[in-house]
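Here my numbering is used: position 57 in the sequence shown is 983, and no number is missing along the way.
For each residue, glycine too, the CB sits at the ideal point set by N, CA and C.
The structure appears right after this line, and notes come after that.
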Amino acid sequence: MSSDEELVKLCIRKDREAQKMLFEKYASKMMGICLRYTANADDAKDVLQDGFVKVFMQLESFEFKSSLATWMSRIFTNLSINKVTRGIAKYTHVDIDDQSDLAYEDASQDMSQWYGLTPQQVLAEVNKLPEIYRLVLNMYAVDGYSHQQIADQLNISVGSSKSRLSRARVLLKEQIKGNK
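As structure tokens, this is what we get:
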């Protein structure tokens, strides 16, 4: 029996020490997910707390078909996305048609300007992006969602997902160039 299996079984029995151990084992990784999406430490902490409450409430349904970390990551990603999308209507966004995406392709091809930046610096630059762009960039580039999955999750078109990703890349490139 793996240590995660033992922890899960003890947590299901409401063992406080096991819950603390599970939290301590995964909190920093889950906080990283929360920070990527919320771009605000206070919101990220809120999502982290909500996420662990949800994890502890749903542990009985976890079947070890994937790793515990993967299962938890999905919970925290979805909660973070939900937190961001509740406030997403405050941004105005004009969709760019698929032909316009070609104009932004070169932005995604040349990432040489990233060299020399620490992960913290890249995260700080990503967090400066407007939420509608940061959200799609994280979902696509970091978490590996397809444009169809992004469209379904955010209730937008696939074309909107693609255009937002392209715009996010352009903005990110401009920000990084501006800081050099």
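Annotated as distal: Lys946 and Ala995, with beta-carbon spacing of 8 Å or more.
If the five residues before and after Asp969 are omitted, its C-beta is found closer than 7 Å to the C-beta atoms of Lys1009, all from its own chain and listed in chain order. By the beta-carbon neighbour count (other beta carbons within 10 angstroms, threshold 16), Val1062 is buried. Between the alpha carbons of Ala967 and Met957 lies a distance of about 9 Å.
In this model, Arg939 and Val1084 are separated by some 43 Å (Cα to Cα).
Taking a 10 Å sphere around the C-beta of Ala953, we find fewer than 16 other C-beta atoms and assign the residue as exposed.
Boundaries of the alpha helix (DSSP H) around Leu1091: Val1084 to Gly1104. In the displayed model, Thr1011 falls within a helix according to three-state DSSP.
With fewer than 16 other beta carbons inside 10 angstroms of its own, Ser992 counts as exposed. Boundaries cannot be given for Asp1069, as no alpha helix (DSSP H) includes it and DSSP labels it neither H nor E.
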